[in-house]
Amino acid sequence: MLSPFAKQVHKLLRTVPKGRVTTYKELANAMDTKAFRAIGQVMRSNPNAPNTPCHRVVSANGTLGGFMGEKSGPKVLKKIRLLKKEGTLVHGNRVVDFNRKLYKFQNPNR
DNA sequence: AGAGCACTGATCC
DNA sequence: GGATCAGTGCTCT
């Protein structure tokens, strides 16, 4: 069961074009909230994985943060590879040209 | 009801 | 410059 909050997160995430990334902060900002952690929690639960590219969400400093358990096994590497294919280059634990790939939501509040 | 979390910003050292 | 504290809202146990 997805809470409206989670649903909103997914929605915003889907609005992010491929080859682009976003940050928890932006998401929270777009939702007019400050619960970055809550978002992370929802992601960790991974409600609808294929529809919710959590890997497309990164920390504000451009690092992946701790996706699938911090160390991110080969699985995430694979995802990163896919991401790379899409246009999001991830170097090690960081997004290349993060500030350039960062997608900012259009929030009337800002 | 309580603890935890995939964060971030500010403060402390 | 790095480490720790505090704030925040939601999910899980």
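Each residue of the first sequence is one higher than the one before, counting from 391 in the numbering used here.
Cβ coordinates follow ideal geometry from the N, Cα and C atoms, glycine included.
Best match in the options for proximity to residue i [C-alpha to C-alpha]
i	options	result
residue 484	496, 448, 477, 493	448
residue 436	397, 494, 419, 490	397
residue 477	455, 438, 408, 451	408
residue 395	475, 428, 444, 412	428
residue 479	453, 401, 424	453
residue 489	391, 413, 403	413
residue 472	393, 399, 410	410
residue 445	424, 422, 474	474
residue 494	392, 400, 405	405
residue 426	450, 401, 482, 497	450
Local conformation of residue i per DSSP, three classes
i	result
residue 486	coil
residue 492	strand
residue 453	strand
residue 424	coil
residue 407	coil
residue 391	coil
residue 441	helix
Bridge partners - residue i, DSSP secondary structure assignment
i	result
residue 412	447
residue 480	485
The stretch 427-437 in contact with the stretch 463-481 per 3-pair CB rule at 8 Å: no
Inter-stretch contact at 8 Å, needing at least 3 Cβ pairs: the stretch 416-427 / the stretch 451-458: no
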